[in-house]
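Below you'll find the structure, written out as structure tokens, and then a few comments.
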Amino acid sequence: VIDDLKNYKPEIREAVTGTYRGYTIISTPPASSGGTHVIQLLNIMENFDLKKMGDNTTETLHAWAEAMKLMFADRAKYMGDTAFVKVPLKGLTSKEYAKELFNKIDMSKPAASVEAGDPWKYESGSTTSYAVMDKYGNMVAVTKSINYFFGSGVVIPGTGIIMNNHMDDFTLVPGTANSIAPGKRPLSSMSPTLVLDPQNRPFMAIGSPGATRIITTVAQAISNVIDHGMNIQQAILAPRIFQMQSGPLSVEGRISINSYEGLKAKGHEITIRGDYDAYFGGVHAVMMNYETNELHGGADPRRDGQAAGF
3 VIDDLKNYKP EIREAVTGTY RGYTIISTPP ASSGGTHVIQ LLNIMENFDL
53 KKMGDNTTET LHAWAEAMKL MFADRAKYMG DTAFVKVPLK GLTSKEYAKE
103 LFNKIDMSKP AASVEAGDPW KYESGSTTSY AVMDKYGNMV AVTKSINYFF
153 GSGVVIPGTG IIMNNHMDDF TLVPGTANSI APGKRPLSSM SPTLVLDPQN
203 RPFMAIGSPG ATRIITTVAQ AISNVIDHGM NIQQAILAPR IFQMQSGPLS
253 VEGRISINSY EGLKAKGHEI TIRGDYDAYF GGVHAVMMNY ETNELHGGAD
303 PRRDGQAAGF
């Protein structure tokens, strides 16, 4: 065990970056899939007039659900540790590729399932997340994880160190981007993210626990601020949805009956979860309000945590 700890070295890799409606998005690179797919998901959603469509309306929720399917299809096929596999990062975060995916979305009905796209042609559980920002504009977003609650459930005697169970994040299928290999880092969804405003000023630091829901949760919270004018706490409190590549659409019980009925009418199979369900993560974020020159912190009641200033 001591040799394992001695031989471990953190990898320092360049952040992935993109833009959303003039705001700069800076997030974590592989082996976490989070940052890449937060940007990809926002790129797809940028093609919709979400402000006009409205917050948590049938059309808006349908658009999010279908975009999530396309994003997760690509995640399953292409994403892995870049020290072992070639990942089309530029393609996955390309505006042109996002437009191609957007054009696949049928706003009249849900796709039963979707296949991964081709981004190459555009190539040129017990998780803790916190965000910190100071009056000088320094920002930090951190997400740490031992995967499941209490990881593997094994404590190294005499150390207090809880062993993680992130091997669970590999696929057992050989020959894929996320197959097991010696020294390889498994795929994750951690998405600590920094946002700069259109004037290139520090604007937001944000992150969340929540397994695969991390990606969609962070993207929805960012959109709530930029598209719907919410403050950071409102953006965190707003009802969330989650959709994998196929299967039922998960929604919080607080979505309106009109939106629920509208989604059912389009053909969505829906799983209703709790009003503030821990399944959808626990966003913690801090945002700068340049009109009042104040820092605003937000904490998620779905899980533990709070906002504090000093």
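Mapping the sequence shown onto our numbering, position 239 (from 1) lands on 241, and the numbers just tick up by one. C-beta atoms are modelled at their ideal positions from N, C-alpha and C, and glycine is treated no differently.
### Message
Considering only their Cβ atoms, is the gap separating Val227 from Ile243 smaller than 8 Å?
### Response
No; because the gap between Cβ atoms is not below 8 Å, this pair is not in contact.
### Task
Check the DSSP bridge columns for Arg275 and list the partner residues they point to.
Glu254
### Query
Using a Cβ-Cβ cut-off of 8 Å (strictly less than) and excluding sequence neighbours within five positions of Ser190, which residues of its own chain qualify?
Ala33, Ser34, Ser35, Gly36, Ser147, His168, Asp171
### Message
Helix, strand or coil, according to DSSP, for Ile41 in the structure here?
### Response
Reduced to three states, the DSSP call for Ile41 is helix.
### Task
Return the CA-CA distance between Phe152 and Asp306, expressed in angstroms with no decimal places.
15 Å
### Task
Throw me the rounded Cβ distance for the Val18 and Thr130 pair, which I believe falls under 8 Å.
The Cβ separation is near 22 Å, so there is no contact.
### Query
For Pro31, which of helix, strand or coil comes out of DSSP?
coil
### Message
Could you check whether the Cβ of Trp66 sits closer than 7 Å to any heavy atom belonging to the ligand COA?
### Response
Absence of the ligand COA is noted for the structure shown, with no ligands found whatsoever.
### Query
Could you give the distance in angstroms between the alpha-carbon of Asp199 and the alpha-carbon of Ile182?
39 Å
### Message
I need the DSSP call for Leu198, collapsed to helix, strand or coil.
### Response
strand
### Task
Please look up how many angstroms separate the CB atoms of Ser248 and Ser115, rounded, as I've assumed it's under 8 Å.
4 Å
### Task
Could you tell me which of Asn58, Ile164, Asp277 sits nearest to Asp302, measuring between CA atoms?
Asp277
### Query
How many angstroms separate the CA atom of Asn202 from the CA atom of Gly139?
So the alpha carbons of these two residues sit roughly 11 Å apart.
### Query
Can you list the alpha helix (DSSP H) stretches of 4 or more residues lying completely in the segment 115-196, in chain order?
none
### Task
Go through its chain and collect everything with a Cβ distance to Lys101's Cβ below 7 Å, but skip five positions before and after it.
Asn49
### Query
Whose C-alpha, out of Gly160, Ile14, Met165, is nearest the C-alpha of Tyr150?
Met165
### Query
Which residue's Cα is closest to the Cα of Asp76: Pro121, Val87, Gly311?
Pro121
### Message
I'd like to know whether the C-beta atoms of Leu265 and His64 end up nearer to each other than 8 Å.
### Response
yes
#### Entry: Three-state class that DSSP yields for Gly249 in the structure shown
When DSSP states are grouped into helix, strand and coil, Gly249 belongs to the coil group.
### Query
Do Gly93 and Glu125 have their C-beta atoms within less than 8 Å of each other?
yes
### Task
Check each candidate in Leu196, Phe86, Ala213 and name the one with the smallest Cα separation from Phe205.
Leu196
### Check whether Ser193 and Ile216 have beta carbons under 8 Å apart
yes
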